[in-house]
DNA sequence: GCACTGTATTTCGGTGACGAAATTTCGGCA
DNA sequence: TGCCGAAATTTCGTCACCGAAATACAGTGC
């Protein structure tokens, strides 16, 4: 039977339900709810990423450019490359590449730090702040469209359940 | 006040709670539960990806290689590139690249389909199936460790809420 | 002052992913 | 039959990312 045993037989099914059904005979030890939740998170995150890419493109930015400006703005407009490395979860080499591109476009400035000369001071320029701010409202619109189907209580339940999982991850293994 | 207004004041807080608090003054229109849920999904997905990458590496595979073999095995060991394209959410060009690498390693075979000559029959070889099977039990262990903190009912609730969101995404804009 | 260890950043070489365009084949329709 | 739009796959050019090594500097111990 392809139906989830505890759901209403006519409840709408998404792509992942079919995915889980296909795997059930191959890997019977699979928990349908764990597999379903993880797979849905993966696909939702990927979808939101694509939409953001496409949305900020209308403002002349790429997703990774916007993300970089975003964390920079979140830090008050000035930071060191190593700060961005942790916030963006990037390899050091990748930060350099992003900053070079943003500097060429005039969105940030890079000056050697006087206080610690290993460091580099990254400052968001006025142009950079303007670009970030223009693209800002596009981001989050899709998140609201998708999660908007949930009631306020459901949204809080979702967030709370995910927090519970996050805490296990943060505690480490 | 940094506390979420409806949660118990001493409830444990994860990294995302702090993240939301930091952005709240900058972007007051932000819904904490939407932002929290989305951010947590993003970080959980990235974490699971890293663990999977590291886990299958012990068996001489990369994450994207394992994922490809996994989907192929899930379809009974034979499929067309376009099947993988949808299952893996990839651009057509990326599928070709992955298949070429797997073919070089002897894990799959590619033969032009006789029935529809636009298509290509991809078949999992014995070596490919063995590689997949060896790495298999590593994958999913972390998912169970993390989502295992939730009760059976909570897991189903989580999966159901995410399905509700997925259906909106699948319906399109 | 000098060696040593650790940190910050960049450079280099290589790989995977993507969009766009080309190629081959299918399926319908005149 | 012969054409034509659609579908499946590959090729091509480009780009961001990563790991590892290189460079430059800071801080500590002697």
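Protein chains in written order, with full-length UniProt numbering: chain A, 1 to 173; chain B, 1 to 173.
Every residue, glycine too, gets a C-beta built ideally from N, C-alpha and C.
For clarity, every value in this text was computed on a predicted model and none was experimentally measured.
Using 8 Å as the limit for Cβ to Cβ distance, is residue 83 (chain A) near chain B?
By one-based count along the first chain, residue 83 (chain A) stands at place 83. No, residue 83 (chain A) does not count as interfacial toward chain B.
Taking all protein chains shown into account, do 16 or more other C-beta atoms lie within 10 angstroms of the C-beta of residue 73 (chain B), making it buried, or fewer, making it exposed?
As a first step, residue 73 (chain B) must be located in the second chain, where it is residue number 73. By the neighbour-count rule (16 or more Cβ atoms within 10 Å), residue 73 (chain B) is buried.
For residue 130 (chain B), which of B:161, B:45 and B:66 has the nearest alpha-carbon?
To locate residue 130 (chain B), count along the second chain from 1; it is residue 130. Of the candidates B:161, B:45 and B:66, the one whose C-alpha sits nearest the C-alpha of residue 130 (chain B) is B:66.
Whole angstroms are fine: how far does the CA of residue 117 (chain A) sit from the CA of residue 31 (chain A)?
As a first step, residue 31 (chain A) is located in the first chain; it is residue number 31 there, counting from the start. As a first step, residue 117 (chain A) is located in the first chain; it is residue number 117 there, counting from the start. Distance between the alpha carbons of residue 31 (chain A) and residue 117 (chain A) is about 53 Å.
Taking Cβ positions only, does residue 112 (chain B) come closer than 8 Å to chain A?
For the purposes of this step, residue 112 (chain B) is identified with residue 112 of the second chain, where counting begins at 1. No, residue 112 (chain B) lies away from the interface with chain A (no Cβ there is under 8 Å from its Cβ).
For the region 142-164 of chain B, which residues have a beta carbon sitting closer than 7 Å to at least one beta carbon of chain A?
Here the close residues are 143, 144, 145, 146, 147, 149, 150, 154, 155, 156, 157, 158, 159, 161, 162, 163 and 164.
So with CB distances below 7 Å, who are the chain B contacts of residue 37 (chain A)?
Within the first chain, numbered from 1, the residue matching residue 37 (chain A) stands at position 37. Here the neighbours are 147, 155, 158, 159 and 162.
Any Cβ of chain A within less than 8 Å of the Cβ of residue 67 (chain B)?
As a working note, residue 67 (chain B) is residue 67 in the second chain. Chain A, which has no Cβ nearer than 8 Å to the Cβ of residue 67 (chain B), makes this no.
How do the region 13-24 of chain A and the region 137-147 of chain B stand: do at least 3 beta-carbon pairs fall below 8 Å, yes or no?
Cβ pair count under 8 Å is below three, so no.
Measuring alpha carbon to alpha carbon, tell me which of B:135, B:162 and B:83 ends up nearest residue 148 (chain A).
By 1-based counting over the first chain, the position of residue 148 (chain A) is 148. The residue with the shortest Cα to Cα distance from residue 148 (chain A) is B:162.
Within 8 Å of any Cβ in chain A, is that where the Cβ of residue 224 (chain B) sits?
The requested residue 224 (chain B) is not part of the displayed model; chain B covers only 1 to 173.
Within the continuous alpha helix (DSSP H) that includes residue 174 (chain A), where are the two ends?
Residue 174 (chain A) falls outside the range modelled here, since chain A spans only 1 to 173, and no answer is possible.
For residue 183 (chain B), tell me which candidate among B:126, B:112 and B:99 has the shortest Cα-Cα distance.
For chain B, the structure presents residues 1 to 173; residue 183 (chain B) sits outside this window and is missing.
So is residue 123 (chain B) buried or exposed if we call it buried at 16+ other beta carbons inside 10 Å?
As a position in the second chain, residue 123 (chain B) is number 123, starting the count at 1. It counts as exposed.
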